[in-house]
Amino acid sequence: GNSVTQMEGPVTLSEEAFLTINCTYTATGYPSLFWYVQYPGEGLQLLLKATKADDKGSNKGFEATYRKETTSFHLEKGSVQVSDSAVYFCALSALTNAGKSTFGDGTTLTVKP
Amino acid sequence: GAVVSQHPSWVICKSGTSVKIECRSLDFQATTMFWYRQFPKQSLMLMATSNEGSKATYEQGVEKDKFLINHASLTLSTLTVTSAHPEDSSFYICSASGGASILETQYFGPGTRLLVL
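Protein sequences appear in the order of chains A and B. The opening residue of the first sequence carries number 54 in the working numbering; numbering runs sequentially from there. The opening residue of the second sequence carries number 37 in the working numbering; numbering runs sequentially from there.
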């Protein structure tokens with residue numbers, strides 16, 4: 054079946070540091086890939102997505118590139134802020150699973166001033 | 037952007053009572069809605085998928101008689117936790133997607149925190 058593996062957390066960074074959260078996936082066919090962010094006590098917000106190989110999703114300074122050859126969708130940001138502290142989920146959605154999303158376990162990011 | 041609301045955001049109830057949670061798509065028609073459960077510091081667990089006008093499809097291990105899902109319109113789905121018990125306490129999140137493709141982006145509600153005493 055489909056699966057998503059995320060870099061284990063928690064991740065603690067200083068403000069303005071570079072962020073990478075690794076995400077790899079296993080899926081049949083050609084899934085769409087997503088990053089979601091969850092702030093404390095809230096639901097998930099879509100951060101960015103990519104629907105085909107080599108697509109780059111970007112939003113609010115975050116980027117991730119759909120790499121089919123390495124089955125990866127790593128999240129990056131050049132300079133994190135305290136307000137980026139949250140839990141980040143990598144997810145995929147595939148036709149072979151009726152469009153249902155498969156989520157990674159989430160990575161908690163804490164940014165210190 | 038697409039907005040999904042949930043009501044209530046918090047609910048505390050006594051064991052044995054039933055609780056209804058509403059999920060609404062405010063500015064788009066949601067052909068499909070998903071219900072998830074999230075335990076503290078864990079990922080989302082899909083409970084069921086509902087399509088407007090048809091019966092919900094439940095994931096393996098989810099009791100359909102306990103978690104009643106109704107998707108009566110293109111903007112509203114409800115989850116009723118029947119005869120709730122303390123082990124049902126959790127964070128329940130819905131998501132909604134519209135459009136013809138089943139790979140349409142899901143938009144998530146803010147979640148409902150249920151505490152059963």
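Heads up, the beta-carbon is just placed ideally off N, CA and C, and yes, glycines get one too.
Query: Per-residue DSSP class, three states only, for B/Glu123; Result: helix
Query: Touching by the beta-carbon criterion (3+ pairs, under 8 Å), the region 149 to 162 of chain A and the region 59 to 67 of chain A; Result: yes
Query: Under 9 Å from the C-beta of B/Gln65: neighbouring residues of chain A; Result: Those do not exist, as B/Gln65 stays about 16 Å from chain A at its closest Cβ, beyond 9 Å.
Query: CB-CB length for A/Tyr119 against A/Lys105, believed under 8 Å; Result: 7 Å
Query: Inter-residue spacing [alpha-carbon to alpha-carbon] between B/His107 and B/Gln65; Result: 12 Å
Query: Bridge partners - A/Ala151, DSSP secondary structure assignment; Result: In the DSSP output, where bridge partners are listed per residue, A/Ala151 has none listed.
Query: Backbone CA spacing between A/Ser111 and B/Asp63 [nearest angstrom]; Result: 24 Å
Query: Beta-bridge pairing of A/Thr118 - partner residues as DSSP gives them; Result: A/Lys109
Query: Inter-residue spacing [alpha-carbon to alpha-carbon] between A/Pro84 and A/Lys109; Result: 14 Å
Query: CB contact check: A/Leu101 to chain B, cutoff 8 Å; Result: no
Query: Where the beta strand (DSSP E) containing B/Ala84 begins and where it ends; Result: Leu80 to Asn87
Query: Alpha-carbon to alpha-carbon, A/Glu122 and B/Thr68; Result: 31 Å
Query: Whole-number beta carbon distance between B/Cys49 and B/Val40, since they are thought to touch under 8 Å; Result: About 23 Å separates the two Cβ atoms, so there is no contact after all.
Query: Nearest residue (CA-CA) to A/Phe115, options A/Gln98, A/Ser125, A/Val133 and A/Gly157; Result: A/Val133
Query: Any chain A beta carbon closer than 8 Å to B/Gly145; Result: yes
Query: Any C-beta of chain B under 8 Å from that of A/Gly96; Result: yes
Query: Reduced DSSP secondary structure (H/G/I, E/B, other) of A/Ser138; Result: coil
Query: DSSP bridge partner residues for A/Val133 (one or two, in chain order); Result: According to DSSP, which records beta bridges pairwise, A/Val133 is partnered with nothing at all.
Query: Proximity test, Cβ basis, 8 Å: B/Leu80 and chain A; Result: yes
Query: Any chain A beta carbon closer than 8 Å to B/Gln96; Result: no
Query: Supposed close pair B/Thr118, B/Pro44 - CB separation, criterion 8 Å; Result: The pair is not a contact, with the Cβ atoms about 17 Å apart (cut-off 8 Å).
Query: Close-in-space but distant-in-sequence residues of the same chain around A/Ala80 (CB under 6 Å, 5 per side omitted); Result: Asn55, Leu145 and Ala147
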